[in-house]
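Top line first, the protein sequences correspond to chains A and B. In terms of our numbering, the first sequence is numbered consecutively and its last residue is 111. In terms of our numbering, the second sequence is numbered consecutively and its last residue is 259.
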Amino acid sequence: MTRDLWPYVLLILVGFLPNEIWRWIGVVLSRGIDENSELITWVRAVATAILAGVVAKIIVFSPGALASVPLPVRIGAAVVGLLAFFVLRQSVFAGVFTGVLAIIIGALMMG
Amino acid sequence: MGPSGATAVAARAPTLDPSVTNIAPTPLAGFIAGLKAALPSVFLLVLVGTYISIGALAHDLGFSVLWVVLSTVLVWAAPAQVIILTSLGAGAAPLEIAIAVSLSAMRLLPMVVSILPMLRTPATKLRGVILLAHFTAVSMWVEVLRLAPALPREARIGFANGIGTVFMGGAATACVLGFYLAAALPSLLVGALLFLTPMSFLVSVTRGARVLSDRLAFVLGLGIGPLIAYQQIGLDLLWTGLLGGSAAYALARLRRALR
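Pasting the structure below:
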């Protein structure tokens, strides 16, 4: 196996397999699992917290080009976007669009 | 999803276009209807935005465009892909990444379980089911739950696969677009593209988290995540998940017990 293939092997091993296996188990178990069972509730809470951790890390410890935007602007834009989401009747599009617009404007004003 | 959840979703849906629902009861007719139903979907827009961002992230972290497109087709879960990209980019151990991806993917299990009974017929072949399971992601799941019940049962799996095909195809294309935009655009706009990912997760999870444990988990995760990461503790994502998620679960349970 050449070095060039290693990133793709990794993709299969740490990306595809740990992810897809849950879909396959879902197929097998498609009868009888109670979505409201305590175990599933806890698992969903852990998964949600992980996702939140990922979101927060991208905002606080930003990669690449986002890092050149000041931290208060990044956090502020996220808050503005969330506010827009709530105000505009829970529109996902409005929230995301406003947040991105806010970060562009904020970066131009403060950066 | 229990009966009350599904009917609540259906009750909120706008009147469905008869050209979508009056179709022949075959998988192929369903598939074509799915393709048509997915195109005007707001989720396609959000997916395109999110995946432009993921393509840009992959470019900024030094991945190849082929790799990120393959990750989109094979993994088909934006949170997992972002975990893989940012963790591999930061040099985390493969085992930690696999565990974090696995934990973030557990949400797929109840999603598959909750739509399959509604879509299946006794005549359904396994390959249609496996494809459907692979296409299952939050956006596809929401739209299928909303639209599929109005269709003849024999067409439903084809329908769901049609939606999945357009969503995945759109995402893969957006991924390539984002990758090359990141190379060509000024830094500020690339930063804005990168910001699309946390922003879309933030908003869509806020909208989608119905139960108290999920809402608390999200808020706690937002707060705990940077703290643990700042301490440079290994396996920080897993700790964030375990601590934040368990605390949220416990608090929600406590609140139920106190009522």
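Yeah, the Cβ is synthetic: ideal placement off N, Cα and C, and Gly gets one too. Quick caveat: nothing in here was measured; it's all calculated off a predicted structure.
Limits of the alpha helix (DSSP H) - the one that residue i falls within
{"i": "B:Gln-81", "result": "78-89"}
{"i": "B:Phe-179", "result": "153-184"}
{"i": "B:Thr-240", "result": "236-258"}
{"i": "A:Pro-7", "result": "6-10"}
Residue i in three-state terms, based on DSSP
{"i": "B:Ile-23", "result": "coil"}
{"i": "A:Leu-17", "result": "helix"}
{"i": "A:Phe-61", "result": "coil"}
{"i": "B:Gly-55", "result": "helix"}
{"i": "A:Val-69", "result": "coil"}
{"i": "B:Ala-50", "result": "Strictly speaking, residue 50 of chain B in this sequence is Thr, with Ala absent from that position. Note: B:Thr-50 maps to helix in three-state DSSP."}
{"i": "B:Phe-201", "result": "helix"}
{"i": "B:Lys-125", "result": "coil"}
{"i": "A:Arg-89", "result": "coil"}
{"i": "B:Phe-63", "result": "coil"}
{"i": "B:Thr-136", "result": "coil"}
{"i": "B:Ala-93", "result": "coil"}
{"i": "B:Ala-209", "result": "coil"}
{"i": "A:Met-110", "result": "helix"}
{"i": "B:Met-106", "result": "coil"}
{"i": "B:Arg-120", "result": "coil"}
{"i": "B:Leu-39", "result": "coil"}
{"i": "A:Leu-29", "result": "coil"}
{"i": "B:Met-1", "result": "In this prediction, B:Met-1 scores a pLDDT of 42, lower than 50, which makes its location untrustworthy; no coordinate-derived value is stated."}
{"i": "B:Val-75", "result": "coil"}
{"i": "B:Val-9", "result": "The predicted position of B:Val-9 is uncertain, since its pLDDT is 41 and thus under 50; a value taken from the coordinates is nonetheless stated next. Here B:Val-9 sits in helix by DSSP."}
{"i": "B:Ser-187", "result": "helix"}
{"i": "A:Ser-37", "result": "coil"}
Within chain E, the residues that residue i reaches when beta carbons sit closer than 7 Å
{"i": "B:Ile-97", "result": "This model lacks chain E altogether, as its protein chains are A and B."}
Near the ligand COA: residue i beta-carbon under 7 Å from a heavy atom
{"i": "A:Leu-51", "result": "For the structure depicted, the ligand COA is absent and the ligand set is empty, with no information on it obtainable."}
Is the number of C-beta pairs between the region 183-196 of chain B and the region 55-66 of chain A that are closer than 8 Å three or more?
-> yes
Is the region 101-109 of chain B touching the region 36-50 of chain A in the sense that three or more CB pairs, one from each, lie closer than 8 Å?
-> yes
Three-pair Cβ contact test at 8 Å for the region 133-146 of chain B versus the region 172-186 of chain B | no
Check whether the region 94-103 of chain B touches the region 9-19 of chain A, counting contact only when three or more Cβ pairs, one atom from each stretch, lie closer than 8 Å.
-> yes
For the region 202-219 of chain B against the region 83-92 of chain B, are there 3 or more C-beta pairs whose distance is under 8 Å?
-> no
Should the region 76-93 of chain A be called in touch with the region 115-135 of chain B, which here means at least 3 C-beta pairs below 8 Å?
-> no
With a cut-off of 8 Å, do at least 3 Cβ pairs link the region 25-35 of chain B to the region 150-158 of chain B?
-> yes
Does the count of Cβ pairs from the region 44-54 of chain A and the region 231-250 of chain B closer than 8 Å reach three?
-> yes
Take every Cβ of the region 23-30 of chain A, pair it with every Cβ of the region 114-122 of chain B, and state whether three or more of those distances are shorter than 8 Å.
-> yes
Three or more C-beta pairs closer than 8 Å, one from the region 93-101 of chain A and one from the region 41-49 of chain B: is that the case here?
-> yes
Pairing CB atoms from the region 3-17 of chain A with CB atoms from the region 221-232 of chain B, are three or more of them under 8 Å?
-> no
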